[in-house]
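**Student:** Heads up: the sequence shown begins at 9 in our numbering, then just goes up one per residue. Cβ coordinates follow ideal geometry from the N, Cα and C atoms, glycine included. Here the structure is a predicted model, which means the values were calculated and not measured. Supplied in structure tokens, the structure appears directly below.
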Amino acid sequence: MSLTPPSRLSAVLVGSGLGGLLALAPLLWAQLRNPWFMDQAGAWLLLVVFPCGLLGALVGLLLTRWLGRLPAAVGLACLLAGWASSPVVGTVWPRPAEVDGLKLLVMGIDGATFDLVDSMQGRLPALEGLAESGVRADLQAAEPMFSPPLWTTISTGKTPEQHGVHGFNVHASGCQAARFWEIMESEGLSTGVYKWLVSYPPQELSAFQVPAWLAPATETWPAELSFVKEIELSRRMKRKQVQATRGNVALVLDGLAHGFRFGTIAAAVRFTLTEKVRGPDPERAHRDGQLIRVMMDRDVFVKLLHEHQPEVATFTDYATDAIGHRFWKYHQPELFGEVPPEQVQRWGDTLERAYLQADDVLGELLALLPDDARVVVVSDHGFEALLNDDSGMFFAPRTERLRAMLEQRVGSVEVVKLGHKVVVTPTGDDIELDRERIETLLEGLVQASTGEPFYRWEAVVDDPRSVGLTLRDEMVTAQRLESDTVAGEPLGEFVHLTEAYSGMHERDGIFLAAGPGIARGVSIDPMTHLDVTPTLLTLVDLPPAIDMAGVVPDAMFERFPALGEPPASYDGLVATRKLVGGQDGVNEEQLRALGYIE
Ligand SMILES: [Zn+2]
9 MSLTPPSRLS AVLVGSGLGG LLALAPLLWA QLRNPWFMDQ AGAWLLLVVF
59 PCGLLGALVG LLLTRWLGRL PAAVGLACLL AGWASSPVVG TVWPRPAEVD
109 GLKLLVMGID GATFDLVDSM QGRLPALEGL AESGVRADLQ AAEPMFSPPL
159 WTTISTGKTP EQHGVHGFNV HASGCQAARF WEIMESEGLS TGVYKWLVSY
209 PPQELSAFQV PAWLAPATET WPAELSFVKE IELSRRMKRK QVQATRGNVA
259 LVLDGLAHGF RFGTIAAAVR FTLTEKVRGP DPERAHRDGQ LIRVMMDRDV
309 FVKLLHEHQP EVATFTDYAT DAIGHRFWKY HQPELFGEVP PEQVQRWGDT
359 LERAYLQADD VLGELLALLP DDARVVVVSD HGFEALLNDD SGMFFAPRTE
409 RLRAMLEQRV GSVEVVKLGH KVVVTPTGDD IELDRERIET LLEGLVQAST
459 GEPFYRWEAV VDDPRSVGLT LRDEMVTAQR LESDTVAGEP LGEFVHLTEA
509 YSGMHERDGI FLAAGPGIAR GVSIDPMTHL DVTPTLLTLV DLPPAIDMAG
559 VVPDAMFERF PALGEPPASY DGLVATRKLV GGQDGVNEEQ LRALGYIE
């Protein structure tokens, strides 16, 4: 009997199949820790199976004497089975479906506006579906439109005067009113809060609490979630400033065990490589950084829901706001003077991508809700183009010099930029006296070319402590910047030309609610932030407190729920709040990146 000579083709096929089979090992390792890991079978095939198969083919070639004895057909079967094994296993891997005990899901979409949602009709199935099956209302924000106090008003049903959270330099410990999740916890509901603004330091809730972008440090509840904040803060700060001492790989593995999916990790790796290979590009880094952060948050939140089974859970997406500030001029270039067409070509869809992503996340979360759950979507304010006024130039206030003058002559103040405006808030004890001193200072800041004070100032409507400043003369040009002065100092100390920010907060945010008992397909009158907490409490059958000024719209319900006797106030709960750790300060680099401070 004569043996057929070993075939190289068979050997390569078998070797490659065995190589492909190798990719099963890391996949099983990941899937056992995180059943959601495999979300992009095609990318896994390309990035993991293919290189493994190539390596296997080379090894097979070296082992031709043995492997080459198999018929080519067997080799081909081996190749297909080996390559297909991990994508197939990853795709059919069982994942928990519904979160059975969930009664109420609240999704925040920072800065979302119906103007954009409606203009994208047909492309945002989750948001449109909610409006069709539930209630829709404009949600009106109060001045000043800073996200931290706005989200705090939404979560307490109290005004900034009452809850005490003003401006940006704020901590959860400074909130003098009970948040809706604290009220719900006190009534026996387990809650999980993912990145609600002003939730640093985090508090011990039944399920979880991960602070949002303002947090200066990495504490979370439970502590094992701190990798989320470590990843965020390590990109912005020098590592030694943060408790994060772990390397990127350790953080990613931690993230993987807590829900990071393959597609998210691949996107983060691609982002890092692109930065290295193609060099820094602020627009690209801003876009990709924001979108990838939402992917990570979604991954972790979905796994947390299944692990902790909260009865009430919240999740907030900030990419819509951060991208709105920087990319609005590409979204509506016709409103702006000169936006280069190639830039519009390149970045024109970025803002819509942020909305598509938010809709996608919402859709995934809706699929997890049991039939008897209710869902609410809110934004803290709307958004609009920040138009360049008379001059046709993009300008923004500069605040460092002004702040120094204020600190010297008035004392402790917070100075925040909002588009073309500056908001000054004294933080000392005697607000009246401080305000007088602020006004005296402003009167003396005379612009040489006009002979008038540089700023126009007025009390901020809903926050009488603060003074809102606008430029009296908005003709800011390069030539003026060179020659003009304010109180003898160059104009350039107080204002500069920049195109960095082209979108700004606007009053009308969004409110959507759907679920059992909620009216279907109804648009109701505009609501205010004060109405939200009473509404959320009603949605879990708890009575709003008498000291909450907001109202729950009747029209929201098919039949208004029967609630218990309302308490005078829930704010006694503030004293029982258990916060975890807490470093001073806020994440100033993030504030700078969003353009609020310098
Ligand atoms: Zn914003």
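With DSSP run on the structure shown, which of helix, strand or coil describes Met9?
**Tutor:** Legend: pLDDT at Met9 = 41, less than 50; position of this residue unreliable, value from coordinates given subsequently. Residue state, collapsed to three classes: coil.
**Student:** Could you tell me the distance, in whole angstroms, from the CA atom of Leu410 to the CA atom of Glu240?
**Tutor:** Whole-angstrom Cα-Cα distance: 31 Å.
**Student:** Can you list, in chain order, the residues of its chain with a C-beta nearer than 7 Å to that of Ala601? Leave out the 5 residues immediately preceding and following it.
**Tutor:** Excluding positions up to five away in sequence, the list is empty.
**Student:** Give every residue of the same chain whose Cβ lies closer than 6 Å to the Cβ of Ile191, excluding the five residues on either side of it in the sequence, and list them in chain order.
**Tutor:** Contacts found: Tyr578.
**Student:** Do you know offhand how far Lys248's Cα is from Glu573's?
**Tutor:** Per-residue confidence for Lys248 stands at a pLDDT of 45, beneath the threshold of 50, marking its modelled position as unreliable; the derived number appears in the next sentence. If I take the Cα positions, the gap works out to 52 Å.
**Student:** DSSP beta-bridge partners for Met512?
**Tutor:** Bridge partners of Met512: Glu392.
**Student:** For a minimum of 3 consecutive residues, which ranges assigned as the beta strand (DSSP E) are wholly contained in the stretch 274-345?
**Tutor:** Listed in chain order, they are 320-325.
**Student:** Using the rule of at least 16 other Cβ atoms within 10 Å of the residue's Cβ for burial, across every protein chain shown, is Thr584 buried or exposed?
**Tutor:** By the 10 Å Cβ count, Thr584 comes out exposed.
**Student:** Where does Tyr604 fall in DSSP's three states?
**Tutor:** Of the three classes helix, strand and coil, the one that applies to Tyr604 here is coil, per DSSP.
**Student:** Should Phe565 and Phe502 be called a contact, given that it needs their Cβ atoms to be closer than 8 Å?
**Tutor:** No, the pair does not count as a contact, with Cβ atoms beyond the cut-off.
**Student:** Reducing DSSP to helix, strand and coil, say where Arg144 ends up.
**Tutor:** DSSP places Arg144 in strand when its eight states are reduced to three.
**Student:** Just confirm the distance between the C-beta atoms of Ser155 and Asp108, as a whole number of angstroms; I'd bet it's less than 8 Å.
**Tutor:** About 33 Å; that fails the 8 Å criterion.
**Student:** Within this structure, are the beta carbons of Leu689 and Asp388 separated by less than 8 Å?
**Tutor:** The structure shown does not extend to residue 689, since the chain is modelled only from 9 to 606, so the question has no answer here.
**Student:** Is any heavy atom in ligand 1 found nearer than 7 Å to the beta carbon of Ser155?
**Tutor:** True, at least one ligand heavy atom lies under 7 Å from that Cβ.
**Student:** For the stretch 51-78, list the alpha helix (DSSP H) runs that are entirely contained and at least 4 residues long, ordered along the chain.
**Tutor:** 58-70, 72-75, all fully within the stretch 51-78.
**Student:** Return the chain-ordered list of same chain residues with a C-beta closer than 6 Å to the C-beta of Pro290, the five sequence neighbours on each side being excluded.
**Tutor:** Same-chain partners within the cutoff: there are none.
**Student:** Identify every run of the alpha helix (DSSP H) within the stretch 76-139, keeping only runs that are complete inside it and at least 4 residues long; order them along the chain.
**Tutor:** Complete alpha helix (DSSP H) runs here, min 4: 80-100, 122-127.
**Student:** Got a sec? Which residues, its chain only, sit under 6 Å from Ala233 by beta carbon, not counting five neighbours each side?
**Tutor:** The residue you asked about is not Ala; residue 233 is Leu in the sequence shown. These residues qualify, in order along the chain: Val218.
**Student:** Along the alpha helix (DSSP H) that carries Gln591, what are the first and last residues, could you check?
**Tutor:** Gln591 -> no alpha helix (DSSP H), and no H or E assigned at all.
**Student:** Would you mind giving the Cβ-Cβ distance between Asp471 and Pro168, rounded to the nearest angstrom? I have them listed as a contact below 8 Å.
**Tutor:** Asp471 to Pro168, Cβ: 6 Å. Contact.
**Student:** Closest to Gly98 by C-alpha separation, out of Val56, Gly83, Gly137, Leu110, would be which residue?
**Tutor:** Taking only the C-alpha atoms, the option nearest Gly98 is Val56.
**Student:** How close, in whole Å, do the beta carbons of Gly6 and Thr121 come, if the pair is a contact with beta carbons under 8 Å?
**Tutor:** Any property of residue 6 remains undetermined from this structure, which presents the chain solely from 9 to 606.
**Student:** Looking at Leu370 and ligand 1, is the gap between the Cβ and the nearest heavy atom below 7 Å?
**Tutor:** Every heavy atom of ligand 1 is 7 Å or more from the Cβ of Leu370, so no.
**Student:** Return yes when at least one heavy atom of ligand 1 lies under 7 Å from the C-beta of Asp516, else no.
**Tutor:** Result no, Cβ not under 7 Å from ligand 1.
**Student:** For Gln129, count the other beta carbons within 10 Å of its own beta carbon; 16 or more makes it buried, fewer makes it exposed. Which is it?
**Tutor:** The residue in question, Gln129, is exposed, as its Cβ has fewer than 16 Cβ neighbours within 10 Å.
**Student:** In its own chain, which residues sit with a C-beta less than 8 Å from the C-beta of His576, not counting the 5 before and 5 after it?
**Tutor:** According to the sequence displayed, residue 576 carries Ala and not His. Ala553, Ile554, Asp555.
**Student:** Going by DSSP, which residues form a beta bridge with Tyr463?
**Tutor:** The partner list for Tyr463 (beta bridge, DSSP) reads Leu479.
**Student:** For Thr226 and Arg41, I'd like the C-alpha separation in whole angstroms.
**Tutor:** Using only the alpha carbons, I get a separation of about 23 Å.
**Student:** Thinking just about the alpha-carbon of each residue, which of Ser457, Trp465, Phe519 is nearest to the one in Gly496?
**Tutor:** The option with the nearest alpha carbon to Gly496 is Ser457.
**Student:** Give me the Cβ distance between Phe216 and Phe45, rounded to the nearest whole Å; I'm assuming they're in contact under 8 Å.
**Tutor:** Between Phe45 and Phe216 the Cβ distance is about 20 Å, and since that is not below 8 Å, they are no contact.
**Student:** Among residues of its own chain, excluding the 5 on either side of Glu606, which ones have a beta-carbon nearer than 6 Å to its beta-carbon?
**Tutor:** Only Thr407, Glu408 meet the Cβ criterion.
**Student:** Counting Cβ pairs, one atom from each stretch, are 3 or more of them under 8 Å apart for the stretch 309-318 and the stretch 352-365?
**Tutor:** With the cut-off at 8 Å, the stretch 309-318 and the stretch 352-365 do not touch.
**Student:** For ligand 1, I want to know if Gly119 counts as a neighbour, meaning its beta carbon is within less than 7 Å of at least one of the ligand's heavy atoms.
**Tutor:** Yes.
**Student:** Which word fits Glu238, buried or exposed, when buried means at least 16 other C-beta atoms lie within 10 angstroms of its C-beta?
**Tutor:** Buried.
**Student:** So, under 8 Å CB-CB, Arg382 and Pro542 are touching, yes? Tell me the CB distance rounded to an integer number of Å.
**Tutor:** Their Cβ separation, rounded to whole angstroms, is 15 Å, which puts Arg382 and Pro542 out of contact at 8 Å.
**Student:** From the DSSP output, in three-state form, read off Gln416 for me.
**Tutor:** It is helical.
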